[in-house]
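Participant: Residue numbering for the sequence shown follows the UniProt record's numbering, beginning at 1 and increasing consecutively. Ideal Cβ placement from N, Cα and C applies to all residues, glycine included.
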Amino acid sequence: MPSSPDPSRIPSAPAPARRRVLGYGAVGLGAAALGGIPAAAPALARGRNRPKLTHGLQFGDPRHDGAVVWTRADRPARMVVEVSDRPDFKHSRTLRGPVLTPGADGTGRVRLRGLKPGAQAYVRVHAESGRNDSEVLEGSFRTPGGGQPTRFVWSGDVAGQGWGVNPDIGGMPAFTAMAERRPDFFLHSGDVCYADTPLQERVELPDGRVWRNVVTEAKSKVAETLDEFRGQYAYNLLDESLRGLAARVPQIVQWDDHEVVNNWYPGEILDDDRYRVREVDTLARRAHRAFHEWQPIVPAEAVDGRIYRRIGYGPDLDVFVIDMRPYRDPNSAGTDRFERILGRRQADWLVDGLARSEATWKVVASDMPIGLVVPDGEAIEGVANGAGGRPRGRESELERVLHGLHRRGVRDVVWLTADVHYTAAHHYAPERATAREFSPFWEFVSGPLHAGAFGPNDLDPTFGPEVVFQHAPPQANASPMEGFQHFGEVEIDPGGKDLTVTLRDGAGSALWAKTLTPEGRG
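1) Determine, using beta carbons only, whether residue 275 and residue 224 come nearer to each other than 8 Å.
2) I'd like the ranges of any alpha helix (DSSP H) spanning at least 4 consecutive residues and lying wholly in the region 227 to 307.
3) Determine the closest residue to residue 446 out of 393, 367, 381 and 388, with distance taken between C-alpha atoms.
4) For residue 101, I'd like the list of residues in its chain whose CB is within less than 7 Å of its CB, leaving aside the five on either flank, ordered along the chain.
5) Determine the direct distance from the alpha carbon of residue 312 to that of residue 450, and round the result to whole angstroms.
6) Name the DSSP bridge partner or partners of residue 138?
7) Which residue or residues does DSSP assign as beta-bridge partners of residue 60?
8) Please go through the region 378 to 429 and give each complete beta strand (DSSP E) segment of 3 or more residues, from N-terminal end onward.
9) Taking C-alpha atoms, which residue in 258, 105, 253 and 168 lies nearest to residue 234?
10) In whole angstroms, what separates the C-alpha of residue 526 from that of residue 397?
11) Could you work out which residue in 155, 259, 286 and 296 is closest to residue 66 when comparing CA atoms only?
12) Using the DSSP secondary-structure output, state which residues sit across from residue 204 in a beta bridge.
13) Out of 198, 472, 347 and 172, state which residue places its alpha-carbon closest to the alpha-carbon of residue 424.
14) When DSSP labels each residue in this structure, what does residue 476 get in the three-state scheme?
15) Tell me, please, whether the region 189 to 196 touches the region 254 to 261 by the rule of three or more beta-carbon pairs shorter than 8 Å.
16) Near residue 260, which residues of its chain fall below 6 Å by C-beta distance, leaving aside the five closest residues on each side in sequence?
17) For the candidate residues 134, 391, 172 and 438, whose alpha-carbon lies nearest to that of residue 53?
18) What residue range is occupied by the uninterrupted alpha helix (DSSP H) comprising residue 545?
19) By the DSSP assignment, the alpha helix (DSSP H) with residue 352 in it spans what residues?
20) From residue 269 to residue 279, what does the alpha carbon distance come to, in whole angstroms?
21) Who are the near neighbours of residue 373 in its chain, counting only those whose CB is closer than 8 Å to its CB and skipping five residues on each side?
22) Between the beta-carbon of residue 467 and the beta-carbon of residue 488, is there less than 8 Å?
23) Quick check: what's the CA-CA separation for residue 9 versus residue 272?
24) With distances taken between CB atoms, is the gap from residue 328 to residue 265 smaller than 8 Å?
25) Give the DSSP-derived three-state secondary structure of residue 492 in the structure shown.
26) Have a look at residue 240 and residue 117 and give me their C-alpha separation to the nearest angstrom.
Structure (structure tokens):
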């Protein structure tokens with residue numbers, strides 16, 4: 001099974017009534033916008049001179065003393081952020097941020113620093129244009145520390161396989177279920193949007209029910225232009241559940257393939273009649289720019305200005321966000337002696353960073369699973385080649401990483417991922433493996449968050465994985481109505497330092513849990 005189904009198998013949407021909005025031409029907000037984001041002509045056309053913040057606010061990449069705050073305006077205006085440790089905003093401080101301009105699609109961000117540990121931070125954001133101020137948006141989040149447990153959630157795969165924002169079920173309700181867990185942050189494990197999957201306004205389900213999608217101009221075709229890629233993220237923020245979580249829970253976001261096109265790799269030339277732009281490198285450049293404009297991250301904080309980076313979240317947790325896309329060799333049978341999926345620089349950074357980390361727990365946020373076989377037609381999309389035996393292809397690069405960690409005595413590493421559209425717990429052990437010496441570890445899979453459900457995939461025995469738990473639908477591309485949406489939750493006890501993983505369904509109900517005790521360095 002591909003990492004996600006080929007979007008060309010999903011029927012194209014009939015052309016909906018389309019609307020281009022938001023001042024300087026970003027595509028995405030159309031009719032049927034859900035509660036709170038008005039879809040209308042630019043403010044000047046309605047005789048109003050004040051700027052408008054069009055897509056709420058988002059927090060991202062939390063640190064021990066703050067986080068990034070993001071917003072978007074419908075016209076050139078300066079972003080202004082007010083922050084306080086009190087809900088009445090007494091003794092607040094004000095930060096004048098960047099001018100929100102058409103060059104960045106009206107988006108901008110400010111990193112908040114110097115906040116108290118273990119405290120609630122209250123934030124207000126508005127935009128200034130001359131004497132005209134926008135309305136004020138408010139949000140809040142908690143900084144790490146203060147003797148409280150660290151709790152976060154993770155998942156991936158949003159608005160995929162034809163299942164978009166559905167007003168009949170509350171939009172994308174799993175975001176509300178995650179917010180109700182009151183996490184400190186949300187780790188978004190990739191496929192943040194599906195730029196390669198147009199939506200239909202109606203989808204008839206096998207049992208006769210009808211699924212209804214909100215459809216915008218950007219979601220009525222595959223994304224090729226920069227504005228169309230921007231419109232993928234604008235579409236997701238139509239959802240009240242997502243906006244509600246984003247204003248209360250910082251996000252740590254990575255990408256996978258569908259932010260560009262299914263199963264992509266550098267240098268690929270598409271054979272897909274839906275595309276006029278066939279060069280994947282061109283699509284990836286546009287998609288990467290839109291991703292950074294619309295996500296609450298600071299590109300300069302990534303190691304090479306792209307995606308991979310380390311998030312230090314206090315003494316008990318470091319999160320290493322990796323990127324398995326732009327550094328990979330072409331998808332192949334995976335049987336060559338050595339192939340890349342991380343690239344030498346990123347692989348070395350990961351081993352060195354994990355070895356230097358003084359955090360109790362080291363989480364590797366991986367956009368793809370390690371041991372699951374994820375095919376791309378006759379080729380291999382992921383790491384595992386399905387052949388068993390000694391590591392070959394991309395398995396050889398991963399073997400170097402795992403062996404390097406073992407040699408340097410790194411323990412208490414947990415891998416979290418999504419991608420395959422079901423949830424599972426895998427334990428890897430050298431006594432079951434054909435790979436070289438490495439330390440046992442756990443990999444936890446959780447998804448989709450709001451997309452078609454699939455699985456389970458086959459496990460490759462190279463690194464000795466064992467399925468301890470899995471929850472997958474009986475049929476392919478099960479809609480979010482069928483109960484196979486998932487997210488995972490991690491909680492770290494500040495006393496004993498135990499880490500508990502709970503795999504949950506899309507409503508928040510616990511399906512399975514495991515508590516891990518830290519080993520420390522050997």
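Facilitator: Result, derived from the coordinates:
1) yes
2) 240 to 246 and 280 to 294
3) 367
4) 76
5) 28 Å
6) 124
7) 68 and 251
8) 413 to 417 and 423 to 428
9) 105
10) This structure gives no information on residue 526, because the portion of the chain shown stretches from 1 to 522.
11) 296
12) 210
13) 472
14) coil
15) yes
16) 283, 284 and 287
17) 134
18) Residue 545 is absent from the model: the chain starts at 1 and stops at 522.
19) 344 to 356
20) 5 Å
21) 380, 382, 384, 385, 386, 457, 458, 459 and 460
22) no
23) Any reading at residue 9 needs caution, since the residue's pLDDT is 34, under 50, leaving its predicted position unreliable; the model's value is listed next. One C-alpha to the other measures close to 11 Å.
24) yes
25) strand
26) 29 Å
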